[in-house]
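Read in order, the letters of the sequence shown correspond to residues 162 to 348 in this note's numbering. Shown next, in structure tokens, is the structure this report addresses.
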Amino acid sequence: MKKSLRQNALAYRTHLAADEITALGRGISTSLLTLLQTFKPCTVGLFYPTQGEPNILCITGNPALQNFEWALPVCCESPTGPVLGFAQFAQGQELEPGRYNIAVPKIKNWVQPDVLLIPCVAFHRSGARLGYGAGWYDRTLSSLTTKPITVGVAYANTELPENFAEPHDQLLDHVVTEQAVIACSQT
162 MKKSLRQNAL
172 AYRTHLAADE
182 ITALGRGIST
192 SLLTLLQTFK
202 PCTVGLFYPT
212 QGEPNILCIT
222 GNPALQNFEW
232 ALPVCCESPT
242 GPVLGFAQFA
252 QGQELEPGRY
262 NIAVPKIKNW
272 VQPDVLLIPC
282 VAFHRSGARL
292 GYGAGWYDRT
302 LSSLTTKPIT
312 VGVAYANTEL
322 PENFAEPHDQ
332 LLDHVVTEQA
342 VIACSQT
């Protein structure tokens, strides 16, 4: 079931023009700003956009969030298997290709995010999230002793009507789209 849901949601992305992705990313960034301002200054884990994901990196330069610290995920090995580590990030910082050719900070100063912004291929209001199917975020979240606040970042048109969560899935606390900030019910 997840495979076909994922394929349909990814097909939606492939039909978006570059200017649509930019406009949707701006809308999502506005929604994110609204949510992030409700938190005290903290460390926020972002993601570098790939495969038609919304570009939300512009929020790192917003004056309202100037006391926040930012980080990008880096694929790492741990005793329990592959997980994501988070390296400090600032606009203008030198990046290099990481695993899957996704940009990561060249200099890695490791931090633990208090809030984690997670890209969604698709989502359900319960907090269920579809990613690419490799389980990076699920493994990472289940390995942490202190769970960050999790915020899914998604296009509104990728919301699914049925809850597709499985027992191993780590549910999101919020989902942010270009249209809304959704507090997930986790039911």
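Positions of the beta carbon are idealized from the N, C-alpha and C atoms, including for glycine. The structure presented is a predicted model; accordingly, all values stated were derived computationally and were not measured.
| field | For A315, the three-state DSSP class (helix, strand or coil) | value | Here DSSP, grouped into helix, strand and coil, assigns A315 to coil.
| said: Output needed for T241: all residues of its chain with C-beta closer than 7 Å, excluding positions within five of it in sequence on either side, in chain order. | reply: Answer for T241: S304, listed in chain order.
| task | Taking only runs that begin and end inside the segment 218-303, name each unbroken beta strand (DSSP E) of 3 or more residues, in chain order. | result | Qualifying beta strand (DSSP E) stretches, in chain order: 230-239, 242-250, 256-258, 264-266 and 276-280.
| query | Nearest-angstrom Cα distance between L177 and E238? | reply | Those two C-alpha atoms are separated by around 34 Å.
| request: For A172, name the three-state secondary structure that DSSP assigns. | output: helix
| query | Would you say R286 and I217 are within 8 Å of each other, going by their C-beta atoms? | reply | no
| task | Using three-state DSSP, classify G213 as helix, strand or coil. | result | coil
| query | If you compare alpha carbons, which of V282, T301, R300 and D299 is closest to G292? | reply | V282
| query | For the putative contact between E339 and L185, defined by C-beta atoms under 8 Å, what is the C-beta separation to the nearest angstrom? | reply | 5 Å
| DSSP three-state call for E339: helix, strand or coil? | Here E339 sits in coil by DSSP.
| request: Since I believe V265 is in contact with L256 (beta carbons under 8 Å), could you give me their beta-carbon distance rounded to a whole number of angstroms? | output: That belief holds up - the Cβ atoms of L256 and V265 are roughly 6 Å apart, short of 8 Å.
| task | Kindly list the residues whose CB is nearer than 6 Å to the CB of E230, restricted to its own chain and excluding five residues on each side of it in sequence; keep chain order. | result | T204
| Same chain, Cβ closer than 8 Å to N318, neighbours up to 5 away in sequence not counted | These residues qualify, in order along the chain: Y173.
| query | Do the CB positions of P309 and L277 come within less than 8 Å of each other? | reply | In contact: P309 and L277 (Cβ atoms closer than 8 Å).
| message | Can you check which of these residues, P328, Q273, F284 and P322, is closest to T306 by C-alpha distance? | response | The residue with the shortest Cα to Cα distance from T306 is Q273.
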